[in-house]
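Enquirer:
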Amino acid sequence: MKKETLNIGVLGAGPIAQFAHFESCQKGRNVRLYAICDTAEDLLNRMKAIWQPEKICTDYAQMLADPNLDAVIIATADAYHVPLALMAVRAGKHVLVEKPLSHSMEECKELDEAATKAGVVVQIGHMKRFDPGIEFAKEFIDSQMGNLLALKTWYADNNHRYTTTDNVQPMPIKSENSRKSGTNEKENLERYYMMAHGSHLLDTAMHLGGKIGSLRARLRQMADMYCWFIDAEFENGAVGHLDLTVKIRGDWHEGFHIYGEKGTVFAKTYNPWFYKSSDVECYLEEKQQYLRPLSADGFTYRRQLEHFADVILSHIPQKGTNLLEGMEITKGMLAIKESLEGNKTVYLDQLNGTSF
Ligand SMILES: NC(=O)c1ccc[n+]([C@@H]2O[C@H](COP(=O)([O-])OP(=O)(O)OC[C@H]3O[C@@H](n4cnc5c(N)ncnc54)[C@H](O)[C@@H]3O)[C@@H](O)[C@H]2O)c1
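With this note's numbering applied, the sequence shown closes on residue 362, and no number is skipped along the way.
1) Which of the three DSSP states is assigned to Asn358 in this structure?
2) Leu329 and Ala97 - do their beta-carbons sit closer together than 8 Å?
3) Using the DSSP secondary-structure output, state which residues sit across from Trp160 in a beta bridge.
4) For Asp190 and Leu207, I'd like the C-alpha separation in whole angstroms.
5) Output the distance between the C-alpha atoms of His109 and Thr336, rounded to the nearest integer angstrom.
6) Classify Ile335 as helix, strand or coil using the three-state DSSP reduction.
7) Hey, is Thr82 close to ligand 1, as in C-beta under 7 Å from one of its heavy atoms?
8) So what does DSSP say about Asn13, is it helix, strand or coil?
9) For Gln150, which residues in the same chain have their Cβ closer than 7 Å to its Cβ, ignoring the five residues on either side in sequence?
10) Do the CB positions of Ala94 and Leu117 come within less than 8 Å of each other?
11) For Asn173, count neighbouring Cβ atoms within 10 angstroms of its own Cβ and tell me buried if that reaches 16, exposed if not.
12) Does the beta-carbon of Pro21, which I'm using as the reference point, lie nearer than 7 Å to any heavy atom of ligand 1?
13) Candidates Gln58, Lys123, Gln32 and Met228: which alpha carbon is nearest Leu12's?
14) Who are the Cβ neighbours of His87 in its own chain at under 7 Å, not counting the five residues just before and after it?
15) Please say whether Ile62 and Val37 have beta carbons closer to each other than 8 Å?
16) Evaluate the contact criterion for the segment 282-301 versus the segment 194-210: three or more CB pairs, one atom per stretch, below 8 Å.
17) Just tell me which of Phe146, His132, Ser205 and Asp48 has its CA closest to the CA of Phe305.
18) Can you tell me whether Ile322 is buried or exposed, with buried defined as 16 or more other CB within 10 angstroms of its CB?
19) Suppose you measure from the CA of Gly261 to the CA of Leu250; what does that come to, to the nearest Å?
20) Please state whether DSSP places Tyr199 in a helix, a strand or coil.
21) Sort Thr64, Arg185, Gly256 and Gly215 by Cα distance to Glu239 and report the nearest one.
22) Using the C-alpha atoms, what's the distance from Ile22 back to Lys343?
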């Protein structure tokens, strides 16, 4: 009989698990919150009382040894993503790993080889792909737009973001005993913002525009603000402009415009914690009409998990960010760094460095 529900173990009971992953496991149509693992026992017990998983444990290896566990969501600090994903893959478990995948090409390759050998699915948590407005735009681009001329995409985090998110998210439960990665990721803000937000921007750009062949980046830093303007050329010939700006004064500002042979896409994306789908308009020249989806269900974190489970249970093609795409994002971030250091255009298949 076909298995209909995937048993999920969430590794890490920190803020992102509390805000998104536990609820996604609880509400998802084809998943079950089977286990929670965190080294902080006090936090684990509180999560057990709220979310009622079948099992809890402080030892990740023990969770992975459970034959009833099908897949793991890795919701830990960035530096642990690949090492902990590798352990899961080697134990034969499917993996949904939080973004950013990695800062290192070697790490990405090692994980890709191990996942291929184990025959398991690995999906990276770029949940914006499961915003139904963005899904609608992607479908329109692939089926109706013809060749792409140009793509502009922007991701501007704003100075009032925590006022907003503190209002809509529950108060996170914290523990003194939570495991911290040895590195303080916020020590180098240029690197941190690129990993945290630039990875989302590159994922959106490449998901909609295809692989980036080369890019040239500029960075201006002023007060507490950072602004990267990136000129890109996609392998399909389209020209691109990517804008990553942090702490703009005002509201969250994210979206894209895409110009194609047969149509145009205009999109405005909201702060993800509003669970509101992007406003998307796709103009089709043939009909001289705009198409605009309602997209009522904007719970992107639950939707990415349901898709991940569908890929495993029903063998449908993977729409979420896969490991090869994760590697391209890492390459993109490396290329931006090399471009800034050398003040030059960088080709993604001719990078000098392999990690940053
Ligand atoms: N997709 C998104 O929109 C989004 C939003 C926010 C954060 N994130 C990502 O989520 C990740 C986690 O963020 P966070 O703020 O919840 O992290 P956090 O570091 O605050 O919490 C992680 C938890 O994992 C536990 N942990 C770490 N290693 C462990 C191990 N080996 N075994 C058992 N438990 C372990 C820690 O004790 C801690 O409680 C980050 O990589 C971040 O980039 C994604």
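From the three backbone atoms N, C-alpha and C, an ideal C-beta is built for every residue, glycine too.
Nothing here was measured: the structure is a model prediction, and the numbers come from that model.
Expert: Taking the definition as stated:
1) As a first step, residue 358 must be located in the sequence shown, where it is residue number 352. DSSP places Asn358 in coil when its eight states are reduced to three.
2) Locating residue 97 in the sequence shown gives position 91, where the first residue counts as 1. Locating residue 329 in the sequence shown gives position 323, where the first residue counts as 1. Going by C-beta atoms, Ala97 is not nearer than 8 Å to Leu329.
3) Start at 1 with the first residue of the sequence shown, and residue 160 comes out as number 154. Note: Trp160 sits in a beta bridge opposite Asp249 and Gly261.
4) The sequence position of residue 190 within the sequence shown is 184, counting from 1. The sequence position of residue 207 within the sequence shown is 201, counting from 1. Checking the displayed sequence, the identity of residue 190 turns out to be Asn instead of Asp. If you take the alpha carbons of Asn190 and Leu207, they lie about 23 Å apart.
5) Reading the sequence shown from its first residue, position 103 is the one you call residue 109. Reading the sequence shown from its first residue, position 330 is the one you call residue 336. Going by the C-alpha atoms only, they are around 6 Å apart.
6) If you number the sequence shown from 1, residue 335 lands on position 329. DSSP places Ile335 in helix when its eight states are reduced to three.
7) Position 76 of the sequence shown, counting from 1, holds the residue named residue 82. Yes, ligand 1 has a heavy atom inside 7 Å of this Cβ.
8) In the sequence shown, the residue the question calls residue 13 occupies position 7. Three-state DSSP puts Asn13 in a strand.
9) The residue given as residue 150 occupies position 144 in the sequence shown. Same-chain partners within the cutoff: Lys268, Gly269 and Leu290.
10) Counted from its first residue, the sequence shown places residue 94 at position 88. Counted from its first residue, the sequence shown places residue 117 at position 111. Against a cut-off of 8 Å, the Cβ pair of Leu117 and Ala94 comes out as no contact.
11) By 1-based counting over the sequence shown, the position of residue 173 is 167. It is exposed - the Cβ of Asn173 has fewer than 16 other Cβ atoms within 10 Å.
12) Mapped onto the sequence shown, residue 21 falls at position 15. Because some heavy atom of ligand 1 lies under 7 Å away, the Cβ of Pro21 counts as near it: yes.
13) Taking the first residue of the sequence shown as 1, we reach residue 12 at position 6. Of Gln58, Lys123, Gln32 and Met228, the residue nearest in Cα terms is Gln32.
14) In the sequence shown, the residue the question calls residue 87 occupies position 81. Result list for His87: Ile80, Val103, Glu104, Leu107 and Ser108, in chain order.
15) Here residue 37 is taken as the residue at index 31 of the sequence shown, counted from 1. Here residue 62 is taken as the residue at index 56 of the sequence shown, counted from 1. No.
16) no
17) The count along the sequence shown starts at 1 and reaches residue 305 at position 299. Closest option to Phe305, Cα to Cα, is His132.
18) Residue mapping note: residue 322 aligns to position 316 of the sequence shown, counting from 1. Ile322 comes out exposed.
19) Counting from one through the sequence shown, the residue named residue 261 turns up at place 255. Counting from one through the sequence shown, the residue named residue 250 turns up at place 244. Looking at the two C-alpha atoms, the distance is approximately 11 Å.
20) The residue given as residue 199 occupies position 193 in the sequence shown. Three-state DSSP puts Tyr199 in a helix.
21) Here residue 239 is taken as the residue at index 233 of the sequence shown, counted from 1. For Glu239, the nearest C-alpha among the options comes from Gly215.
22) The sequence position of residue 343 within the sequence shown is 337, counting from 1. The sequence position of residue 22 within the sequence shown is 16, counting from 1. Rounded to whole angstroms, Lys343 to Ile22 spans 28 Å at the Cα level.
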